[in-house]
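In terms of this note's numbering, the sequence shown opens at residue 2 and continues consecutively. Glycine included, C-beta positions come from ideal geometry on N, C-alpha and C. Source: prediction; values computed, not measured.
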Amino acid sequence: MRRPLSFMHGSKNQPKTRVIFVTGTDTGVGKTLLSCLLLVHLRERGSAALGIKPFCSGTRADVRLLRWAQGSQLTESEINPFYFREPVAPFVAARQHRRTIEPEAVVAHVAGIVAGCEFLLIEGAGGLLVPISKSFCTLDLILRLRCDVIVVSRNRLGTINHTLLTVKALQHAGIQHSSGNTQVPRLLNVVLMDHRLRDASFASNAQILREFLDRIPLIAVPFLRGNCASPAGLEANQKKIKNILARIVR
């Protein structure tokens, strides 16, 4: 069995690096937006924070936004080492190109980036069980990295099922919210992103999820108006919800 990596505890002469994996209940739930807001927030408060998105398919707009949010400290290729033009799952796209994404290469890339920062945000592609290779998925990568986890969900009909399925998969793998056990992530948060189109479930989703999530924190992010996926929008909205962002990366 390969030994998991842990970047959260440095030596006496080496500062700790906190790695936070941002996964989602689905694609398009707001992972990139939240990751960028957290990057801007962390860097504004003086933290050496970087963000990467190892797998990206289709447009690279998310990668460019992440690059801006960290002051262009990393190149696009450093942020996104595995890019495919086809807007499908990384494993599917790689197979179409007769390529294989080796798990060791992914972990090695993370290890190379993490040495240069205090916080590293890793944005996943899609949900928790998205395959990276034939026998390796996003959840496996999280387990290898022993990182904190943020589950991003969308405040719409269906989010209760999707969120609880994702959290239970993490728990089944041994990942629990904890502040003292170094064998598991110190932080497992659920972030519920409000949606512009509110349906009948909007008002009750957060309350119901909190009942079922037990001690796992759920933090609600309000709908952000304006062009929030732009540099100016990120800066403005980060200031509006800085207290919420501080709770997520406390």
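Which residues mark the beginning and the end of the beta strand (DSSP E) in which residue i is found?
i	result
residue 19	19 to 25
residue 124	120 to 128
residue 58	56 to 58
residue 51	50 to 53
residue 131	Looking at the DSSP string, residue 131 is not in any beta strand (DSSP E), and its letter there is neither H nor E.
Ordered along the chain, which non-local residues of its own chain (more than five positions away) have a Cβ less than 6 Å from that of residue i?
i	result
residue 202	158
residue 167	26, 129, 152
Around the Cβ of residue i, are there at least 16 other Cβ atoms within 10 angstroms (buried) or fewer (exposed)?
i	result
residue 42	buried
residue 124	buried
residue 63	buried
residue 101	exposed
residue 116	exposed
residue 18	buried
residue 200	exposed
residue 28	exposed
residue 239	buried
residue 20	buried
residue 76	exposed
Out of the options, which has the shortest C-alpha to C-alpha gap to residue i?
i	options	result
residue 69	231, 24, 216	231
residue 61	74, 82, 51, 46	82
residue 251	188, 66, 170	188
residue 139	225, 110, 91, 101	91
residue 120	71, 178, 96, 26	71
residue 54	190, 40, 171, 229	40
residue 131	214, 35, 56	56
residue 225	193, 206, 215	193
residue 209	76, 162, 87	162
residue 118	244, 197, 245, 74	74
residue 191	150, 205, 141, 126	150
Check for me: the alpha helix (DSSP H) holding residue i runs from which residue to which?
i	result
residue 153	Not the alpha helix (DSSP H): residue 153 falls in the beta strand (DSSP E), residues 149 to 155.
residue 162	160 to 173
residue 145	139 to 146
Mapping the DSSP letters down to three states, classify residue i as helix, strand or coil.
i	result
residue 81	coil
residue 217	coil
residue 37	helix
residue 189	strand
residue 250	coil
residue 92	helix
residue 203	helix
residue 30	coil
Output needed for residue i: all residues of its chain with C-beta closer than 7 Å, excluding positions within five of it in sequence on either side, in chain order.
i	result
residue 248	220
residue 89	58
residue 211	219
residue 37	66, 67, 70, 235
residue 197	224
Does the CB of residue i have a neighbour CB from chain D at under 8 Å?
i	result
residue 89	Looking at the structure shown, chain D is missing, and only one protein chain is on hand.
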